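If you read the sequence shown in my numbering, its first letter stands for residue 26, the second for the next number, and so on.
Positions of the beta carbon are idealized from the N, C-alpha and C atoms, including for glycine.
In this text, all values refer to a predicted model and were calculated from it rather than measured experimentally.
Data block below; observations after.
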Amino acid sequence: MENFFIGIFILFFSGVFSLFIKKQAWKVKFLSLASFIATCFTLFDAIKVFVSGKISTIVSFGSIFQNLSFSIDYLSAFFVIVISIMSLLAMIYANGYLLPYISNKKDISAHCLFLPMLIASMLLVVTVQNALAFLIVWELMSLSSFFLVIFEHEKKDVIKAGIKYLVYMHISVIFIIAAFALLSIQASSFDFAYFQNIFENNMAFANLVFVLAFIGFGIKAGFFPFHNWLPDAHPAAPSHVSGMMSGVMIKTGIYGILRVLSFIVNPDAQIGYFVLIISVISALYGVLYAISQHDIKRLLAYHSIENIGIIGIGIGIGMLGLSYNCYPVAILGFAGGILHILNHSIFKELLFLAAGSVYTKTHTRDIEILGGLIKSMPKPQYYF
Numbered sequence: 026m027e028n029f030f031i032g033i034f035i036l037f038f039s040g041v042f043s044l045f046i047k048k049q050a051w052k053v054k055f056l057s058l059a060s061f062i063a064t065c066f067t068l069f070d071a072i073k074v075f076v077s078g079k080i081s082t083i084v085s086f087g088s089i090f091q092n093l094s095f096s097i098d099y100l101s102a103f104f105v106i107v108i109s110i111m112s113l114l115a116m117i118y119a120n121g122y123l124l125p126y127i128s129n130k131k132d133i134s135a136h137c138l139f140l141p142m143l144i145a146s147m148l149l150v151v152t153v154q155n156a157l158a159f160l161i162v163w164e165l166m167s168l169s170s171f172f173l174v175i176f177e178h179e180k181k182d183v184i185k186a187g188i189k190y191l192v193y194m195h196i197s198v199i200f201i202i203a204a205f206a207l208l209s210i211q212a213s214s215f216d217f218a219y220f221q222n223i224f225e226n227n228m229a230f231a232n233l234v235f236v237l238a239f240i241g242f243g244i245k246a247g248f249f250p251f252h253n254w255l256p257d258a259h260p261a262a263p264s265h266v267s268g269m270m271s272g273v274m275i276k277t278g279i280y281g282i283l284r285v286l287s288f289i290v291n292p293d294a295q296i297g298y299f300v301l302i303i304s305v306i307s308a309l310y311g312v313l314y315a316i317s318q319h320d321i322k323r324l325l326a327y328h329s330i331e332n333i334g335i336i337g338i339g340i341g342i343g344m345l346g347l348s349y350n351c352y353p354v355a356i357l358g359f360a361g362g363i364l365h366i367l368n369h370s371i372f373k374e375l376l377f378l379a380a381g382s383v384y385t386k387t388h389t390r391d392i393e394i395l396g397g398l399i400k401s402m403p404k405p406q407y408y409f
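Laid out in C-alpha cells, this is it:
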C-alpha cells in the first residue's frame, strides 16, 4: 500500500501548498494536477488487489490505537476506485466553475485546502481497519465537507444549511461511536479483525450493533428518515462539491453499513427486513418529493435519497439471502447494490456538474424558467 499512502500524502500536501500560491486560478490548476498524480497512485494499489487477488495491507503500531492498520480488500478497492476517479473529475470541473468567483475577487484559499482533504479522508475511511482511527478520519471527512458546503458563507441560507449538515453529522457519529464502543469492549480491541468472531451465538448483540451502525451510517448516506440534511446541503454547496458529496461521499455511509455487515456472518432475517423496508420507503419518498421540486439541485438531492434507497434494497435482499441460506439471492442482491453505487456515482455527479454549468450561465436554478437553453448555451462554457 505504499503507492496508496503516497497518493494520500500528495492530496494533503497539495491542499496546504495551495495556500502559498498567490494567483487564485493557479490554485485549482495545481490541485487538479496533484489530484491526477494522487489518483494514479491510489488506483494502482486498488486495481492490483483485483488483478492479483491478494489483500494489500500496511500495519503500524501505536499505544493509542493498539494496532493501527490500513487494508485494501475487494470492498475497499471498489470504493477507492470510485472515490479516486469521480473526485478527480469534480476537481477538474472546479477550474471552470470557480472562475466567476475568482473574477469577483473571492478568496478560495480555504476551499482549496479542504477540497483535497475531503478526498483524502474519504479514501482513508474506506481503508482504515481500526475503530478509533476510523472515527478520526470520519470526523475529518465531515468537517472538511462542512467547510466546502459553506463556501458562499455570506449567504444566510448557506450558513443555515451548513450548520444543519454539521449537526446531523455529529448525531451520526454518536451512533457510530456507540456501535464501535460495544464492538471494542466485546473484542477487547479496536482492530476490525477482532470484530469478526464475537457475534457467534449472540444474535441479539449483533442486531443491536447493526441497528446502531445503520442509523449512524444511514444519516450520512441519506436514508429516510435520517435524510433531512441532504436536500439543504447539496443545493447550498458549489456544484463540484455537490457532485462529489452526492456521487461519492454519501456512499461512505453505504461502505460503513457493508463493513459492519461483514463482521456478522449470518445476519438475522428481521434486520434484513428492517433494511429492506427502510430502503423501499427511502426510494419512494425520494422520487415523490423530487418530482415536486422547482430547484434543479434540490431535485437532484431528493433523487439521491431515492437512489440510496435502491442501493439499500439490494443490500436488504442480500441480507435476507444470507439469513435464509439462499446464496444466489444474496449474491444478486449485493451485486445489484454494489453495481448501483457505481451507476449512481457516475450519473449523479454528471447531473450536478451539468446543473452547475447551467446555473453559472443563467444565474437561476428554477426549472420553470430554464427553457430554451440551446440558445443561451449553444456550446460548452468551460474548458480545463
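For R323, the enclosing alpha helix (DSSP H) stretches over residues 321-348.
For the options G78, M166, I223, the alpha carbon positioned closest to that of K245 is the one of M166. H369 is classed as buried because its beta carbon has at least 16 other beta carbons within 10 Å across all chains shown. A residue is called buried once 16 or more other Cβ atoms fall within 10 Å of its Cβ, and D132, having fewer, is exposed.
Contact between G272 and K373 holds, since their C-beta atoms are separated by about 5 angstroms, short of 8 angstroms. Residue range 124-128 is occupied by the alpha helix (DSSP H) that includes P125. Closest by C-alpha distance to I196, out of D182, F239, F176, is F239. The continuous alpha helix (DSSP H) containing E27 extends over residues 27-43.
Taken atom to atom, the span from the alpha-carbon of V162 to that of L191 is near 15 angstroms. Look at the beta carbons and you see the segment 68-80 not touching the segment 40-54: under three pairs across the two are nearer than 8 angstroms. Each residue's CA atom was taken as its position, placing V383 and I62 some 30 angstroms apart.
By the C-beta density criterion, C137 is buried, having at least 16 other C-beta atoms within 10 angstroms. Contact annotation, I275 with G241: C-beta distance approximately 13 angstroms; criterion of less than 8 angstroms not satisfied. Counting the other CB atoms within 10 Å of its CB gives D257 a total of 16 or more, which places it among the buried residues. Shown here for F251: same chain residues with a beta carbon closer than 6 angstroms to its own, the five before and five after excluded, namely G243, I244 in chain order. Under a 10 Å Cβ-count criterion, I340 is classified as buried, with 16 or more other Cβ atoms of the shown protein chains found around its own Cβ.
The bridge partners DSSP lists for I83 are F95. Taken atom to atom, the span from the alpha-carbon of L325 to that of I371 is near 13 angstroms.
Rounded to whole angstroms, P263 and N332 show a C-alpha spacing of 21 angstroms. DSSP places I282 in the uninterrupted alpha helix (DSSP H) bounded by 276-288. When C-beta atoms of the segment 340-357 are compared with those of the segment 292-311, three or more pairs fall below 8 angstroms, so the two segments count as touching.
Its chain contains L173 as the residues whose beta carbon lies nearer than 6 angstroms to that of V266, once the 5 sequence neighbours on both sides are disregarded; these appear in chain order. Spatial neighbours of A261 in its own chain (CB-CB distance under 7 angstroms, excluding positions within 5 residues in sequence) are listed in chain order as V174, D182, V183, A186, G187. DSSP places F55 in the uninterrupted alpha helix (DSSP H) bounded by 49-77. Around the beta carbon of Y99, fewer than 16 other beta carbons lie within 10 angstroms, which makes this residue exposed. For a cut-off of 8 angstroms, the C-beta gap from G337 to V300 is around 6 angstroms, short enough to register as a contact. For F139, the enclosing alpha helix (DSSP H) has its first and last residue at 134-150.
Annotation for N368: the continuous alpha helix (DSSP H) segment containing it runs 352-387. In this structure, DSSP gives N155 an extended state, which the three-state scheme calls strand.
In the displayed model, D293 falls within coil according to three-state DSSP, outside both helix and strand.
Closest in alpha carbon position to G358, among L148, C65, G343, is G343.
Boundaries of the alpha helix (DSSP H) harbouring D182: 181-212, taken from the DSSP string.
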